[in-house]
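Engineer: Got a structure for you, written out below as structure tokens; questions coming shortly.
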Ligand code: 2NL
């Protein structure tokens, strides 16, 4: 009796078509069972090999028509997907007896590896082609004007302020600042300008009630510094100031000041003159002569206005200055017999106008880019 189980192989749609069906095993009871088994296995292996060759051929044919990632993915699923040809072949492998699986497995493995390798190559080729096509499509005209991204710069007043700060910082002065809304005390009284003093007419102010006003100069910063520390004091106070002036070519209700204050034992007007000389040379350049002439400020005594000029040019007023009035020292708790000091105040707008030849202060506040971009 011959017992051959599972003659119907999963790869076969009907009974095997090879030599197997020709074996008259039913008619020949004394058939050599081993020989029949070997034949059957040979047939199975043959079938597998043929199927592999078919798959290989189909692959060769179909991979030529693949041009897009989608087509590639379809091809991959058809051959390597969970229910694709190759996994189905591997499933069929299980139908072979163990001793035959190795050879068939090697065959299928090499087929699978080959297809995987070619799939990768195909993927690479498609990517390269897609990139080439993208480059062909996206051409650039490098002669077209670019998008202008304006490079910002500092406002000319800021540039001038920073330059002035640099000069005095190099001479050892600290930069101090304080509030723009001040009390009447710090803005006037501490500076030896009592209420109802006629000198107040000089500084037409913006009052905002309850003894508060917009500072008319940066001197209150210096008062605050002196009240908070002992001499020596070497500071400059740059900042925004406000006066109730009607705008014209040289006046604007908002403007910027730098005041300097140096308090120490033994300072004289000669030191003041030296400091200003150094400043003028640094800021305006060499070749200027300087003149002090008498002036009056309630907070300095003596007081002076300072002019400079180039040879043959007109005298230009650059600042007011003076020796700190003893009344101011007493107010902040300094002993006028112990220390002396000097101060000056200059307008940043005026410095910028002199340096760059600007004839109207209002230009600084109009934010006209045609003006601003020149600095
Ligand atoms: C000007 C004049 C000046 C001062 C400001 C000052 C400050 C203290 C004490 C003494 Cl705390 N003086 N400042 C001194 C002289 C002149 O400014 O016309 N500026 C534009």
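In the working numbering, the protein residues as written are 3 to 377.
Note that CB positions come from ideal geometry on N, CA and C, so glycine has one too.
1) Tell me whether residue 178, by its Cβ, gets closer than 7 Å to a heavy atom of the ligand 2NL.
2) Give the straight-line distance between the Cα atoms of residue 29 and residue 45, rounded to the nearest whole angstrom.
3) Determine the extent of the beta strand (DSSP E) in which residue 304 is found, giving its start and end residues.
4) Consult DSSP for residue 185 and reduce its assignment to one of helix, strand or coil.
5) Can you tell me whether residue 259 is buried or exposed, with buried defined as 16 or more other CB within 10 angstroms of its CB?
6) Since residue 276 is in the alpha helix (DSSP H), which residue starts that stretch and which ends it?
7) Are the stretch 282-301 and the stretch 247-265 touching by the rule of at least three beta carbon pairs closer than 8 Å?
8) Give me the DSSP bridge partner(s) of residue 294.
9) Let me make sure I understand the geometry here. Which of 70, 251, 109, 303 has the alpha-carbon closest to that of residue 126?
10) Can you look up residue 388 in the DSSP assignment and give me helix, strand or coil?
11) With DSSP as the reference, please indicate the residues paired to residue 343 in a beta bridge.
12) Name the two residues that bound the continuous beta strand (DSSP E) containing residue 320.
13) How about residue 383 and residue 322: are their beta carbons less than 8 Å apart?
14) Measure the alpha-carbon distance for residue 27 versus residue 76 and round it to whole angstroms.
15) For residue 245, tell me which candidate among 154, 183, 361, 297 has the shortest Cα-Cα distance.
16) Considering only DSSP beta bridges, list what residue 2 is partnered with.
17) Excluding the 5 residues preceding and the 5 following residue 404 in the sequence, name in chain order all residues of the same chain whose CB lies nearer than 8 Å to its CB.
18) Who pairs with residue 142 in a beta bridge, going by DSSP?
19) Closer than 6 Å by C-beta to residue 31: which residues in its own chain qualify, once you throw out the five before and the five after it? Chain order, please.
20) What separation, rounded to the nearest whole angstrom, lies between the Cα atoms of residue 99 and residue 51?
21) Run through the DSSP bridge pairs and tell me what residue 216 is partnered with.
22) Let me know the secondary structure DSSP gives residue 151 once reduced to three states.
23) With distances taken Cα to Cα, identify the nearest neighbour of residue 221 among 181, 112, 213.
24) Let me know the secondary structure DSSP gives residue 82 once reduced to three states.
25) Taking the continuous alpha helix (DSSP H) assigned at residue 237, which residues delimit it?
26) Just the residues with CB closer than 7 Å to a heavy atom of the ligand 2NL, in chain order, which are they?
27) Rounded to whole angstroms, what is the Cα-Cα separation between residue 162 and residue 146?
28) In three-state terms, what does DSSP make of residue 113?
29) Locate the alpha helix (DSSP H) running through residue 352, then write down its first and last residues.
30) Residue 369: buried (16+ other C-beta within 10 angstroms of its C-beta) or exposed?
31) Express the C-alpha separation of residue 120 and residue 83 in angstroms, rounding to a whole number.
32) Using the C-alpha atoms, what's the distance from residue 292 back to residue 376?
33) In whole angstroms, what separates the C-alpha of residue 301 from that of residue 273?
34) Would you call residue 361 buried or exposed, if buried means 16 or more other Cβ atoms sit within 10 Å of its Cβ?
35) Using 8 Å as the threshold, is the C-beta distance between residue 170 and residue 262 below it?
36) Going by DSSP, what residues sit across from residue 253 in a beta bridge?
Structural biologist: On the basis of the coordinates in this document:
1) Incorrect: residue 178 has no Cβ contact closer than 7 Å to the ligand 2NL.
2) For residue 29, the predicted structure reports a pLDDT of 42, less than 50, and the residue's modelled location is therefore unreliable. A value from the coordinates is still provided. Taking the CA atoms as reference points, residue 29 sits about 21 Å from residue 45.
3) Where residue 304 is concerned, the enclosing beta strand (DSSP E) stretches over 302-312.
4) Strand, per DSSP.
5) It counts as buried.
6) Boundaries of the alpha helix (DSSP H) around residue 276: 271-286.
7) Under the three-pair Cβ rule at 8 Å, the stretch 282-301 does not count as touching the stretch 247-265.
8) Residue pairing for residue 294: DSSP places it in a beta bridge opposite 308.
9) The residue with the shortest Cα to Cα distance from residue 126 is 70.
10) A query on residue 388 cannot be resolved here, the shown segment of the chain reaching from 3 to 377 and no further.
11) Within the DSSP secondary-structure output, residue 343 pairs in a beta bridge with 265.
12) Run containing residue 320: 318-326, per the beta strand (DSSP E) assignment.
13) The displayed coordinates of the chain run from 3 to 377. Any statement about residue 383 would go beyond what the structure contains.
14) Its pLDDT being 46, under 50, residue 27 is placed unreliably by the model, and the measurement read from it follows with that caveat. Distance between the alpha carbons of residue 27 and residue 76: 45 Å.
15) Per the Cα distances, 183.
16) As displayed, the chain neither begins before 3 nor continues past 377, which places residue 2 out of reach and without an answer.
17) The structure shown does not extend to residue 404, since the chain spans only 3 to 377, so no value can be given for it.
18) Per DSSP, none; premise fails for residue 142.
19) Here the model assigns residue 31 a pLDDT of 43, short of 50, so the residue's position is not dependable, and the following value carries that caveat. Result list for residue 31: empty, nothing under 6 Å.
20) When only Cα atoms are considered, residue 99 and residue 51 end up about 16 Å apart.
21) Looking at the DSSP output, residue 216 shares a beta bridge with 183.
22) Correct three-state label for residue 151: coil.
23) Put simply, of 181, 112, 213 the residue whose alpha carbon is nearest the alpha carbon of residue 221 is 181.
24) The DSSP-derived three-state label of residue 82 is helix.
25) Unbroken run through residue 237 is the beta strand (DSSP E), 235-244; no alpha helix (DSSP H).
26) Ordered along the chain, the selected set is 193, 219, 221, 224, 225, 228, 259, 261, 263, 299, 301, 302, 305, 321, 322, 323, 324, 326, 327, 330, 345, 346, 347, 348, 349.
27) Between residue 162 and residue 146, the alpha-carbon positions lie close to 38 Å from each other.
28) DSSP, read as helix, strand or coil, puts residue 113 in helix.
29) Its alpha helix (DSSP H) spans residues 350-358.
30) Exposed, because fewer than 16 other Cβ atoms sit within 10 Å of the Cβ of residue 369.
31) So the alpha carbons of these two residues sit roughly 15 Å apart.
32) Between residue 376 and residue 292, the C-alpha separation is close to 29 Å.
33) Residue 301 and residue 273 have their C-alpha atoms some 18 Å from each other.
34) Looking at its Cβ environment, which holds fewer than 16 other Cβ atoms inside 10 Å, residue 361 is exposed.
35) Here residue 170 is near residue 262, since their CB atoms are less than 8 Å apart.
36) For residue 253, which the question treats as bridged, DSSP gives no partner whatsoever.
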